[in-house]
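Residue numbers (the numbering used here): 7 to 239.
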C-alpha cells in the first residue's frame, strides 16, 4: 500500500497529510502569512506520529493550484525540496479536484461545482461528476472568471469559499466550508501514482490560470533590459 505525503497551501488554510493505505492523518494551520513556516514542522509531526522517515514514503504530492499565487509556489517548492532530498516522485494535484472530492465525501454529491475565491473580483471554478469511481471526472475544466460568468451544466452541488465571497452571484448557496485540503490531495495522488502519473522534482510546476502578477528580481532585470534594448533599436 502506498505511503504518500501531501502538502496543500493554495488558500488561507495550510494542511499536510500522510496517507498509508486506507488511513490518513493530517495537520492544519490557518493564516496565509505563516504557511512557509508552518508546513515543515507539521510534516515532521506527521512522520514522527507514523514512526517513519521521509525515505519511507512512495511519493510527495502537492496542491498545484489554482489558488493563491504565493501559496501554490510554496507548496510546489516544498514538495520539490522534499522530493529531491528523498529521491521521490512528485504528484501535482489540481486543488479544485480535491475540493470536489471533499464535497462528494462529506455531502454525497455526485455532480459538483467547485468555486474558489480568486480575489480581485474573480473565482476559480470547475465542474465534476462522480460515477462509481473514487476520482472526479471533469465536466468543465478549471477556469478563471467573474462570479456571474460561472455557467455550470445542469444543477451540480456547489462548494467552496467563492460562494460566500460572492454570495450575490450564487443565490442557490452550497457548502462554502469545503476547501482544498491535503487529505484529498493525498487520496487523489494515490490514484495518480498507481496509474504512473508522476513527475520528477524538477518537472513539478504550479497551475496558474491568471497571468503572473509577481516577478523575481532576475525576471524584472530581464524585462528592463529587454525594454531598454527595444528603445535603442
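All C-beta atoms, glycine included, are put in the ideal place defined by N, C-alpha and C.
Q. Contact between the stretch 48 to 55 and the stretch 175 to 183: three or more CB pairs below 8 Å?
A. no
Q.
If contacts are defined as beta-carbon pairs under 8 Å, then residue 195 and residue 65 qualify, I think. What distance do you get, rounded to the angstrom?
A. By one-based count along the chain shown, residue 195 stands at place 189. By one-based count along the chain shown, residue 65 stands at place 59. That pair is a contact at about 6 Å.
Q | Presumed contact (8 Å Cβ cut-off) between residue 10 and residue 67, rounded CB distance | A | Here residue 10 refers to the residue found at position 4 of the chain shown. Here residue 67 refers to the residue found at position 61 of the chain shown. Right, the Cβ-Cβ distance comes to about 6 Å (below 8 Å), so this counts as a contact.
Q: Report the three-state DSSP secondary structure of residue 74 (helix, strand or coil).
A: Looking up residue 74 in the chain shown gives position 68. Correct three-state label for residue 74: coil.
(Q) Taking only three categories from DSSP, how would you classify residue 4? (A) Outside the displayed span of the chain (7 to 239) sits residue 4, for which this structure offers no information.
Q: Throw me the rounded Cβ distance for the residue 132 and residue 207 pair, which I believe falls under 8 Å.
A: Start at 1 with the first residue of the chain shown, and residue 132 comes out as number 126. Start at 1 with the first residue of the chain shown, and residue 207 comes out as number 201. Wrong, their Cβ atoms sit about 26 Å apart, outside the cutoff.
(Q) Does residue 147 pass the burial test, meaning 16 or more other C-beta atoms within 10 Å, or should it be called exposed? (A) Taking the chain shown and counting its residues from 1, the one referred to as residue 147 is at position 141. So residue 147 counts as exposed.
Q: Under the assumption that residue 97 contacts residue 198 (Cβ atoms under 8 Å), give the Cβ distance between them as a whole number of angstroms.
A: Taking the first residue of the chain shown as position 1, residue 97 is located at position 91. Taking the first residue of the chain shown as position 1, residue 198 is located at position 192. The pair is a contact, with the Cβ atoms about 5 Å apart (cut-off 8 Å).
Q | Residues bridged to residue 181 (per DSSP) | A | What you label residue 181 is simply residue 175 of the chain shown in a count that begins at 1. 165, per the DSSP bridge assignment.
Q | Residues of its chain near residue 102, where Cβ-Cβ distance is below 6 Å and the 5 sequence neighbours each way are ignored | A | Here residue 102 is taken as the residue at index 96 of the chain shown, counted from 1. Hits under 6 Å: 120, 132 and 148.
Q | With 16 other Cβ atoms within 10 Å as the buried cut-off, status of residue 134 | A | Translated into the one-based positions of the chain shown, residue 134 becomes position 128. Around the beta carbon of residue 134, 16 or more other beta carbons lie within 10 angstroms, which makes this residue buried.
Q: Check each candidate in 152, 45, 85 and 106 and name the one with the smallest Cα separation from residue 166.
A: Locating residue 166 in the chain shown gives position 160, where the first residue counts as 1. Measuring from the Cα of residue 166, the nearest candidate turns out to be 106.
Q.
Rounded to whole angstroms, what is the Cα-Cα separation between residue 215 and residue 79?
A. Taking the first residue of the chain shown as 1, we reach residue 215 at position 209. Taking the first residue of the chain shown as 1, we reach residue 79 at position 73. Using only the alpha carbons, I get a separation of about 13 Å.
Q | Sheet register partners of residue 123 (DSSP bridge) | A | Residue 123 sits at position 117 when you count from the first residue of the chain shown. Paired residues: 129.
Q: Using only alpha-carbon positions, find the residue among 84, 83, 85 and 75 that is nearest to residue 125.
A: Within the chain shown, the letter at position 119 stands for residue 125. Looking at the Cα atoms, 75 is the closest of the given residues.
Q.
Is the beta carbon of residue 13 closer than 8 Å to that of residue 58?
A. One-based indexing of the chain shown puts residue 58 at position 52. One-based indexing of the chain shown puts residue 13 at position 7. No, the Cβ-Cβ distance between residue 58 and residue 13 is not below 8 Å.
Q. Based on Cα-Cα distance, which residue from 152, 145 and 109 lies nearest to residue 123?
A. Along the chain shown, read from residue 1 onward, the residue named residue 123 stands at position 117. With distances taken between Cα atoms, residue 123 lies closest to 152.
Q) What is the DSSP secondary structure of residue 68, reduced to helix, strand or coil? A) For the purposes of this step, residue 68 is taken as residue 62 along the chain shown, with counting starting at 1. Three-state result, residue 68: strand.
Q. Given a threshold of 16 other Cβ atoms within 10 Å of its Cβ, counted over all protein chains shown, does residue 127 qualify as buried or as exposed?
A. On the chain shown, residue 127 is found 121 positions in, with the first residue counted as 1. So residue 127 ends up on the exposed side.
**Q.** With 16 other Cβ atoms within 10 Å as the buried cut-off, status of residue 203
**A.** Taking the first residue of the chain shown as 1, we reach residue 203 at position 197. Counting every other CB atom within 10 Å of its CB across the protein chains shown gives residue 203 a total below 16, marking it as exposed.
Q | Alpha-carbon to alpha-carbon, residue 117 and residue 25 | A | On the chain shown, residue 25 is found 19 positions in, with the first residue counted as 1. On the chain shown, residue 117 is found 111 positions in, with the first residue counted as 1. Near 26 Å, if we compare the C-alpha coordinates of residue 117 and residue 25.
Q.
Using 8 Å for Cβ pairs, my map puts residue 69 next to residue 29. What's the rounded Cβ distance?
A. For the purposes of this step, residue 69 is identified with residue 63 of the chain shown, where counting begins at 1. For the purposes of this step, residue 29 is identified with residue 23 of the chain shown, where counting begins at 1. Actually they are not in contact, since the Cβ atoms of residue 69 and residue 29 sit about 20 Å apart, beyond 8 Å.
Q: Measuring alpha carbon to alpha carbon, tell me which of 42, 62 and 99 ends up nearest residue 213.
A: The residue given as residue 213 occupies position 207 in the chain shown. Per the Cα distances, 99.
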